[in-house]
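Under this note's numbering, the sequence shown is numbered contiguously, ending at residue 1413. The C-beta atom is built at its ideal place from N, Cα and C for all residues, glycine as well. Every value quoted in this text rests on a predicted model; they were computed, and no experiment measured them.
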Amino acid sequence: MKKTYILIIMLWVMMALSFTCVAHADQSINLHYNGKSYVLQKDSLITKNGEYYFDADEMAEVFGLKLIFDSMGKTLTIHDGESDSTYYISPLDYSIVSLKSKRPNTPEKINGSIYFPIGFIEEKFNTIVKYDKKSDSIYFLPNKDLKTFTNIKHSYSLNIPDYVSFDLTGSFDGFSEDLIVLSDKNQEFTYAINCDKLDSLSIAGMRMILNDYDSTDEQIFNQINNYTKSYFRAMQDLYKSEFLFSGTDSLLSESNIKIFADTNESVYGQSSDLVIYNTMKSDRYSSSEETHILITIPIYSKLSIYTLSINGKKGFLRKENIDKILGLINALKIEGLPHTSNSLKALADNKIISAANLGIYPPLGKTIFEYTEYKNPGQNYSISYPSVFLPYLQNQIIDSNDYTSFKMDYNNYFSISVENTQNPDTAIKEKTDLLKQSINKRITVKEEGNVILSSREFYRLNYETYEGSDTYHVLSYYIVNGSKLYTIELNSRFRTPSEEIINAFLEIVKSIRFTESTKIEQPLNINFRKYMNDYEGYSFYYPENWNLSDVSKDINFDRLFMQIPEYSGAIEICVNESECLITASPEEILELFASGKANDFSKYTKNYYAPYSGRISKVLNISSKIESNIVYIYRLINYLDESDRHKIGYCINIIRNNKVYTLFISISDYLSTNGYLLDKNLDYAVNYITQSFTLEETNEFFKRAESGKQKGRKLAFLEHYFKLVLGKSTTIPYARYLDTNDDVLLYISNCSGAGAYRLKLNYDNKNLEITSALAQDEAINYAKNKLLDMYNDKVIHDIESAPDNMTVTIKYSNTVTSPVFTKNYFIDVLPSKSGFYIQLIRNYTAAQLKDEIQSCLENYLMTKVDIHLSGSGYLNKFLQTGKLETQYMGISAQYNNRFGYFFLKIDPYADNISISKFISSNEVEEKLKNYYSSPYSDLSFVEYTIEDTNKFELNVHLFSKSTSTDVVHNLTVEFDEKTCEIMFGS
C-alpha cells in the first residue's frame, strides 16, 4: 500500500512543481493554535545543532503565560494561571558537539534571550508541533483526541471521526499543509487530502506551454486540471510495461493495474473525476494487491485542485468501510462551497465494488463471469473467453503472422497465434518439429496426438520445459483452416495449472469459430520503389517518398534504414547483411537461429543486428521453412527499447551460403491498438515491404558465387576501381570505415602504388576521392623500427614483413640460449594530411592464442594447466568476430586435481592477456544450488558432473520430490561480459 501511495503523491508533487507558484512572506511565520492564528517574526523561530527553538515571549502570548526571569539566580518561572514552574537557565556552549544529547528538555538562554525547545513546548502544553517550511506555517495541535483540523492555507476544516487517526508522525519540519493523511484505526485503509493551490503565474505558465493567449482563465485552469490526469496515465503506462514484460527477472516479478470505474461525480457541488482501480505487485514468493479510490475536485473559484486518495488492501471495500469513506468525505468542509451530504454513485454500484474486491485476477472457482467474444477478422476466427481475463501481449502488424494473448492469472496465460502455411497437410508436424528442435534437450513431452473437440480435430501437444529450477507447463492445440495454421496454447510458469484453469482453457479451445475473410483491400495511393542488391541477390519494395540510407559500420556489409517522414523515431525498418561464422547444414542453421536469443547471435555471426538485442524482450511466435537449402525464419517480437518504450517487432532472417539477410520492423506501441496498426497506409506499406523481401538469382550474384568471392559490394567496387587505375594484380586485403561510413581506410597491395589510403567514398554515385596516403614501404619500415624499440631488451633474431597483408613478424628470445618466440603484428595505419600514425596490433593465430592463454594461466597458477575451449572451432570463430578489438573469452582449466572457469580479457592493442575472473568448481556448485533454489520447484539439487568432451556442458543431477525419481538437466556454461560472471543456458 505504501509504495502505491508514494507513487501517487510523487505524481501530484510533480504537478505541483510544474504549476504552483505561491508567494510566501519572508519576515513572518503564521502560527495556528486552539482556533486562533498568530503572526510571529521570522527570528522567533531559530535552529541550533539541528534543534528548533521558539522565542519564550512569543510563546507566552500564545499560551497566556507570565514569565519571570531571575538574572541573579539564573531561573525562569512560568505562571500558567494555575501553577508555577521554575527552571534553571544557563547560556549554552554550542561548540560542544555532544551537547545536544546531554541537555535537558528545558528553556534555554541563547544570544541573550530565553527560548523554548520544541520538545519542551510539546511536553509542557500537551501539544504536537508541526512546521510547514514551504508556507512558513506552524500548527500547535493537541497530542491526543484531535477532533477538528483547520487548514489555513487551503481554507478547509476537517471533523475527524473516531474511527480514524490523524497521521502526525514524522519530524517537526516534515509537515506539509498540502498533504494530510488519516489512517483507519482498524488498519483497513488510509485517507489522504492533497491540495494544489494555483495563482496568476500558474495560469500564465500554462498559457505559455499551450501557446494559448485567447482562452479565458477558467479554460486554462481546466487545461491544467486535464494536464494532471497525464500523470495518472503515465503511472498506467509504467504498470503496463511491467505487466507485459513480467517474468524477465529471477523473481518472475509482475506489476499490474486494472481500472474498475472512471466516472464523473458531483462532490461539494463541483464536477469531479473519480477513479477506482487496483494495483498488484507479485513475484514467485509473494503477492500483494491494493484497491485505490482517487477523487479529483477542481475548484476554479479558489484556483485550487483538491484530491482525495483512499487506499486499502484488496477486499477492503465492504459496506462498513464505504460508510466510513463517505463519512470522511462529508466531514470535509471547504470554505465557500456548499456543504451538502455527498453520495458517490460509483461506491453504490455493487458490480464495481464486487469486481474491485475480487481483484485483478478473480478466482475462477468463486466467480460467476461473463464471456467476451474476441473477433479477429484479419485472421478469420473468433473465440470466447471469460471477461475477467486480461489482454496481454499482442502483435498483429503483419498479415502473415499474428499473435494475441490473455492473462488468466499471475501464473497462467493463453495465446492464439496464426501463421500462413504453404503446406497445410504437413504444417502441424513442421511446427511441432521446429518447437522440439528449438527447445532441444529442455523438453519433456507428456502427451501428444489427435483429439476431437466440438466435432473438430485438433493436434494436442502437452509438454514441459525448464529454465533452471522452474518448470514451464505448456498445453497446445493445433488446427489448420485453409492456408492458416492456428495454435491455441496455455502457458503456466512454474506451477501446474489448476483444474479450473485447464477447464476454462478447454472451453476457449472449443469456442474457436472460423469466419470468412472480411478484409477488403482498399486501393491506396502509395507508389513503391524497388531496391535491388544485384551483388548479394536480394530485393524489396518500399514507398517512394521514404528515404533509404546505409548506416553500416562495417564496409563489408550493408545496413539500410528506411526514414519515414511522418513517423520519425516511432518506426524503425532496417535491412541488414551479416555472416554466419559456423559451417553447418541448413537444418543445423535453422536449429541454431530458432533456439538462440538475439544476444547469442553475435557469438556465431559477424555484423548481425537486432534492435531488441540486450533489451527486455519476448519472442511471441517463430515460424520457418527450408527451400533449396535456403533457411527462412520469421519472428514476432515485443520488447522495451533503450528508453523502456514498448515496441512491437517483426523479423525475417534469410540465410543462404552462410550470408544472413535480415529485415527488421519495429513500431512504437502507441501506433497500434490491440496489436493492429492504426494507420491503414502504414499497415499496407509494412505488409508490402515484408511480402516483397526476397532473394533473387541475379547475374552479379552468380558471378560472385562462381568466383568464390566473399567481399561485400563496396569492397568489390573499390578493388575493381583500383585494378583499373593501378593494374589487374591490385588487391585490397583490408578496409574499414573511420569516422563515418563515407570515410574509408584501405590497404592496397600487389601493385606499384601499394600502401594505406584514406578516401571519401560515395558508393551510390560510384565516386571516391583520395584524401591522403602512405606508401607501403614507408609503413613497413616504420613498423620494423617500432618493433626494434618495443623489443630493445630482447635478443632479436629476425623481423619479417608481409607487405601484401600489412603485417610484420618478429622472432626473439630473452637470452641467446633461451627459446625463440614468434609474434605477428598487424600494421594499423591512419594517414592524414598532416602525416600518419601507426599502431601495431597483435595478430594471433588460433594456435598462438591458445598457447599464450595456457602460458598466462601457468604463470598465474605456478603449475601446469590443461585448458579447454568452448565448442568446435571456437578459437577460429573468436578471431573472426573482430580480431582488432579487445575481446573476452571464457575457458575451463584443470590443474592440481582442481577445476574452474577463467574469464579472460584479450587486448591485441596492448598485446596482453589478463584474468578478469576465476570461478572455482565449488562456486559453480553454489551457483547451481541457487539456480535451483525456488521454493516452488519440485526439483532439488544433488550434484553435477562435467562432460568429458566439452567442459562447458554440465550434467546436473536433481531429485524430483513428487515422483521420487532422479532427473538430469543438461546445462551449458556461458559468460556475461558485463558482470564477468558465469550463466547457465540450456
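Looking at residue j and residue i, is the spacing between their C-beta atoms short of 8 Å?
i	j	result
I855	V907	yes
I722	L735	yes
L1381	L1366	no
D985	E1004	yes
K911	Q806	yes
K741	G792	no
I1265	I1254	yes
N1324	T1290	no
A517	K536	Residue identity check: residue 517 is Ser in the sequence provided, not Ala. Closer than 8 Å, so yes.
V978	F967	no
Q650	M633	yes
I982	V1171	yes
S682	K708	yes
V1002	L1090	yes
T706	Y654	no
Alpha carbon to alpha carbon, what distance is there between residue j and residue i?
i	j	result
Y1115	D626	54 Å
I1409	K1332	15 Å
E1416	Y558	Residue 1416 lies beyond the residue range present for the chain, which begins at 428 and ends at 1413; the question has no answer from this structure.
N457	M835	56 Å
K561	H719	28 Å
S903	S925	16 Å
R920	D572	51 Å
S1419	I607	Missing from the structure shown is residue 1419; the chain here goes from 428 to 1413 and no further.
N784	F743	7 Å
I433	I737	Any reading at I433 must be qualified, since the residue scores a pLDDT of 42, below 50, and its modelled position is unreliable; the value itself is stated next. The alpha-carbon atoms of I433 and I737 are separated by roughly 13 Å.
F1379	C1007	22 Å
V1235	K1250	8 Å
A619	S673	31 Å
R1072	Y994	15 Å
H890	L917	First, the residue type needs correcting, since residue 890 is Tyr and not His in the sequence shown. Between Y890 and L917, the C-alpha separation is close to 11 Å.
K527	S1348	Legend: pLDDT at K527 = 48, less than 50; position of this residue unreliable, value from coordinates given subsequently. Looking at the two C-alpha atoms, the distance is approximately 55 Å.
L568	H900	60 Å
P992	T1117	19 Å
R1131	F932	54 Å
V1394	L1104	46 Å
H506	I749	48 Å
T502	E604	37 Å
I473	Y542	9 Å
I928	K685	21 Å
N461	G491	12 Å
Return no unless some Cβ of chain C is closer than 8 Å to the Cβ of residue i.
i	result
I1064	Included in the structure is just one protein chain, with no chain C present.
Kindly give me the distance between the Cβ atoms of residue i and residue j, rounded to whole angstroms, as I take these residues to be in contact under 8 Å.
i	j	result
A1206	G1180	That belief does not hold up - the Cβ atoms of A1206 and G1180 are roughly 13 Å apart, past 8 Å.
F599	Y479	6 Å
T1121	Y969	Not a contact, Cβ separation roughly 13 Å.
V406	F1386	Residue 406 falls outside the range modelled here, since the chain spans only 428 to 1413, and no answer is possible.
L1019	Y1031	7 Å
S1176	D1231	4 Å
S1240	K1211	About 18 Å; that fails the 8 Å criterion.
I1092	G1102	13 Å between Cβ atoms; not a contact.
F602	I630	At roughly 28 Å, the Cβ-Cβ gap does not stay under 8 Å, so F602 and I630 are not in contact.
List the DSSP bridge partners of residue i.
i	result
D1403	E1408
M707	N683 and E716
C622	Y733
Y913	V845 and I906
K1033	E1006
L458	Y465 and I565
C1178	C1178 is not bridged to any residue.
T1236	E1227 and N1251
P813	Y798
H1396	V1383
Touching or not, the segment 926-938 and the segment 872-885, by the rule of three or more beta carbon pairs under 8 Å? yes
contact_flag[the segment 594-603, the segment 577-585] where n(CB pairs < 8 Å) is 3 or more: no
Report yes or no: do three or more beta-carbon pairs, one from the segment 1144-1159 and one from the segment 970-980, lie closer than 8 Å? no
Meets three-Cβ-pair contact criterion under 8 Å: the segment 758-770 and the segment 685-701: yes
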